[in-house]
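Enquirer:
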């Protein structure tokens, strides 16, 4: 049971993109004993690649943008869409 530590773009052609994926065994003794990398052993770090938390996933979500370009991206595209399109009515009208 390996976990994804990081992923990054390697190459692409007209049809496909290739990514390099760095995977770690969270149950290996060396990983568990190393204080710099044992954060990956926590249960909250499962399926980081599915939630877009690797480097390639964050780039795909647009989280490398800063400032004025990122107002519609944070905390996520869906959350900002809901925030802008929610009808807010006064309680007593």
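Numbering (the working numbering), first residue to last: 7 to 99.
Don't be surprised by glycine CBs; every beta carbon is placed ideally from N, CA and C.
Note that the structure is predicted; figures quoted are calculated from it, not measured.
#1: Please name the residue, chosen from 62, 39, 24, that lies closest to residue 11 on a Cα-to-Cα basis.
#2: Is the separation between the beta-carbon of residue 73 and that of residue 66 shorter than 8 Å?
#3: How far does the alpha helix (DSSP H) with residue 91 in it reach, from first residue to last?
#4: How close, in whole Å, do the beta carbons of residue 9 and residue 32 come, if the pair is a contact with beta carbons under 8 Å?
#5: Grab me the residues of residue 71's own chain with a C-beta within less than 7 Å of its C-beta, minus the 5 sequence neighbours each way, in chain order.
Expert: According to the structure shown:
#1: 62
#2: no
#3: 83 to 91
#4: 5 Å
#5: 79
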